[in-house]
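Notes for the one structure printed next.
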Amino acid sequence: MKKILITGINGFVGSHLAEYVLNNNLGEVHGSYRKNENLSNIKGIINQIELIECDITDSYGVDKTIKEIKPEYIFHLAAQAFVPSSWKSPIETMNTNIIGSLNLFEAIKNNNKDITIQIAGSSEEYGLVKENEVPMTEL
48 MKKILITGIN GFVGSHLAEY VLNNNLGEVH GSYRKNENLS NIKGIINQIE LIECDITDSY
108 GVDKTIKEIK PEYIFHLAAQ AFVPSSWKSP IETMNTNIIG SLNLFEAIKN NNKDITIQIA
168 GSSEEYGLVK ENEVPMTEL
């Protein structure tokens with residue numbers, strides 16, 4: 048069975064992705080979460096997954112997690128995604144979203160370059176879009 052790591056498994060998207068993987072028997076689910084985080088989103092599946100306490104901003108912890116789990120797939124969902132919070136705490140947001148992602152990339156590079164990784168984004172990356180610019184294209 049394929050090993051799947053979902054960073055930020057306790058978030059909205061991470062919890063639903065974990066349920067989808069389990070319901071469709073797509074792999075063995077491992078999920079990372081930060082200490083003292085609310086796990087209520089995964090209470091219905093908590094006995095079906097392997098939870099790993101790992102702060103994405105801790106490079107040693109991320110490297111250790113990748114080394115121990117040896118995932119084949121990573122869905123990187125650990126991030127600060129709420130825009131008002133990002134303006135309120137920009138340094139924490141940068142540490143989580145940028146440094147945290149770099150820690151994950153370095154851990155992959157150091158342990159197993161054959162891992163497939165998916166990184167989530169949002170429409171916020173496009174900024175303010177005027178009505179005449181819809182639909183958007185990346186071209």
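In this text, residue positions in the sequence shown follow my numbering: the first is 48, and each later residue adds one.
By construction, the Cβ of each residue, glycine as well, lies at the ideal position given by its N, Cα and C atoms.
By Cβ distance, which residues of its chain are closer than 6 Å to residue i, with the 5 residues on each side in sequence left out?
{"i": "serine 106", "result": "Asn150"}
{"i": "glutamate 120", "result": "According to the sequence shown, residue 120 is tyrosine rather than glutamate. Cβ within range, chain order: Ile51 and Thr163."}
{"i": "lysine 49", "result": "Gly74 and Glu119"}
Check the C-beta distance from residue i over to residue j and give it rounded, since I have them as a contact under 8 Å.
{"i": "isoleucine 92", "j": "glutamate 66", "result": "6 Å"}
{"i": "asparagine 158", "j": "isoleucine 113", "result": "5 Å"}
{"i": "glycine 78", "j": "isoleucine 116", "result": "Actually they do not touch by this definition, with Cβ atoms about 10 Å apart."}
To which residues of the same chain is residue i closer than 7 Å at the C-beta, ignoring the five residues directly before and after it?
{"i": "valine 176", "result": "Met183"}
May I ask which residues mark the beginning and end of the beta strand (DSSP E) holding residue i?
{"i": "glycine 78", "result": "75-80"}
{"i": "isoleucine 166", "result": "163-166"}
{"i": "isoleucine 99", "result": "97-100"}
Can you tell me whether residue i is buried or exposed, with buried defined as 16 or more other CB within 10 angstroms of its CB?
{"i": "phenylalanine 122", "result": "buried"}
{"i": "aspartate 161", "result": "exposed"}
{"i": "leucine 73", "result": "exposed"}
{"i": "asparagine 179", "result": "exposed"}
{"i": "proline 137", "result": "exposed"}
{"i": "serine 87", "result": "exposed"}
{"i": "asparagine 85", "result": "exposed"}
{"i": "tyrosine 173", "result": "exposed"}
{"i": "serine 169", "result": "exposed"}
{"i": "asparagine 94", "result": "exposed"}
Helix, strand or coil for residue i, going by three-state DSSP, please let me know.
{"i": "glutamine 127", "result": "coil"}
{"i": "isoleucine 51", "result": "strand"}
{"i": "glutamate 119", "result": "coil"}
{"i": "serine 87", "result": "helix"}
{"i": "aspartate 110", "result": "helix"}
{"i": "serine 136", "result": "coil"}
{"i": "isoleucine 93", "result": "helix"}
{"i": "asparagine 57", "result": "coil"}
{"i": "serine 169", "result": "coil"}
{"i": "threonine 184", "result": "coil"}
{"i": "asparagine 144", "result": "helix"}
{"i": "asparagine 70", "result": "helix"}
Excluding the five sequence neighbours on either side, which residues of its own chain have a C-beta within less than 8 Å of the C-beta of residue i, listed in chain order?
{"i": "threonine 140", "result": "Gln127, Ser132 and Ser133"}
{"i": "valine 130", "result": "Glu171"}
What residue does the alpha helix (DSSP H) around residue i start on, and which one ends it?
{"i": "lysine 156", "result": "147-158"}
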